[in-house]
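Counting with this note's numbering, you get residues 6 to 376 for the letters of the sequence shown.
The beta carbon of each residue, even a glycine, is placed where N, CA and C say it ideally should be.
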Amino acid sequence: MNQARGNPGLSLSSARAPRPIVSPTPSGRVSETAMVLARVLATIFGTEATTISKREGGSALGGAVRFDVWGCRGSKSFIPPRSRIGNYTSCYSLHDGTDLFVFDAGLGLASLSYEIHRQKRFSVVKRIFVLITHAHLDHWEGLKDADWFWERDNGLEVRVIGLDEAINAIQRGYEHPSFVDLDLLARFTVAQLDFISFSFGDVLELGGWKLENIALNHYSGTPEDKSVVQTSGYRLSREGGPVVCYLSDHEPGPGTVSSEQQLTRNAKIVLYDSHFPTIAEQRFGHGSQEHSANVARNSPGALVVAGHHGPMYSDADVEKTFRRLSKGLNNFALAVEGRGFVWDASVGKFLVEEAREPHPEIMKIGVAAKG
Ligand SMILES: [Zn+2]
Ligand SMILES: [Zn+2]
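Put into structure tokens, the structure is as follows:
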């Protein structure tokens, strides 16, 4: 693992005493044995053979800041894909020139990493900041499916960022013998892989963007018998640019109102956990389309996007709820895989744009979604 400390474009500050920003891994120093093993693995997994050449596809957007939906199904994926709305667990991205911020690394990350080779706008990407919200597997299972860990010398610099609990869970989850250490997968593929952990309240400078966080209300189990999961809501902002917020997974309630408002102040786009239709149905640490619609009503300057759609709801269910709750709102949208939201500085808004030339599967979903 490379050390993030001192990397240009990355620093951390905190209201509290400064703390180390890199959580050391046991494999910080790679032994000769590991190198040999990595070569063997490269042969077994065909890393060299699977190198995909970059080719043009999609549309060049002239450096526009864009928020994309890659995985918006909550908790479990639909395989084979069978939804026009969302088939894969959580993954969204914010693209700004050479920097790509990824919100959660669910199975949707496989689609994103594939599109990096197809869409011209991604050809300039150098640094990828993967912002993990919490330790639940459906928010990091896609890391092993990211093409950039299977393509030799692809030059990408990847930073996986999250709370200690989440980063430890990821590193443990991929450890031998469960899988292959991500550090090992990174050896002959990406230019750099760092794990960066933070605590609630820390502020990170990532490229030209500032990353702030709050604690969300998320747990496994029932309210009476719950296991709390340390979960971070994110706020990304840039001087002269839009504020982008991401709150998933989260069960909002009276006790979370002020922290939500603090995090999302002046936001231009906010992705909200909308697992259930109504507030009355909220449980298991998840939110609702109803709460998300209320946020949209109270924040006319922000586009509120409902994501993490519960896997027990059909497209018809999700759309029916959305039609009912979006009445009179022009700043409330459903997260749909293949859908993007482009920042238009001239009007100070994110505008919806369907994927123009996605891979066939997303094309199918995207076209159907327009109908
Ligand atoms: Zn989740
Ligand atoms: Zn979760």
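For Ala321, the closest C-alpha among the options Trp348, Pro282, Val347 and Asn159 is that of Pro282. No Cβ-Cβ contact shorter than 7 Å links Leu268 with Gly312.
No residue range can be given for Ser204, since it is assigned to no beta strand (DSSP E) and is classified by DSSP as neither H nor E. Contact between the segment 70–83 and the segment 329–348 is present: three or more C-beta pairs spanning the two stretches fall below 8 Å. Ligand 2 never approaches Asp199 closely enough for any of its heavy atoms to be under 6 Å from the residue's Cβ.
Note that the C-beta distance between Leu252 and Trp214 is not below 7 Å. Within its own chain, the residues whose Cβ lies closer than 6 Å to the Cβ of Phe337, once the five positions on either side in sequence are excluded, are Ala298, Ala301, Val309 and Ser331, listed in chain order. Ligand 1 approaches Asp254 closely enough that one of its heavy atoms is under 6 Å from the residue's Cβ. Here the alpha carbon of Ser98 sits roughly 16 Å from the alpha carbon of Gly167.
Contact annotation, Leu148 with Ile175: C-beta distance approximately 7 Å; criterion of less than 8 Å satisfied. Between the segment 214–234 and the segment 255–264 there are three or more C-beta pairs closer than 8 Å, enough to call the two in contact. When DSSP states are grouped into helix, strand and coil, Lys231 belongs to the strand group.
In the three-state scheme derived from DSSP, where H, G and I count as helix and E and B as strand, Arg344 is classed as strand. In the three-state DSSP reduction, Ile284 falls in the helix class (H, G or I).
By the CB criterion at 7 Å, Ser128 and Trp75 fall outside the cutoff. For the alpha helix (DSSP H) assignment, the uninterrupted runs of no fewer than 4 residues enclosed by the segment 146–217 are, from N- to C-terminal side, 169–179 and 187–191.
DSSP places Phe106 in the strand class (E or B) of the three-state scheme. Per the C-alpha coordinates, the member of Val107, Ser80 and Lys354 positioned closest to Pro247 is Lys354. Excluding the 5 residues flanking it on each side, Ser202 has same chain C-beta neighbours closer than 7 Å at Ser28, Gly167, Leu168, Asp169 and Ile172, in chain order.
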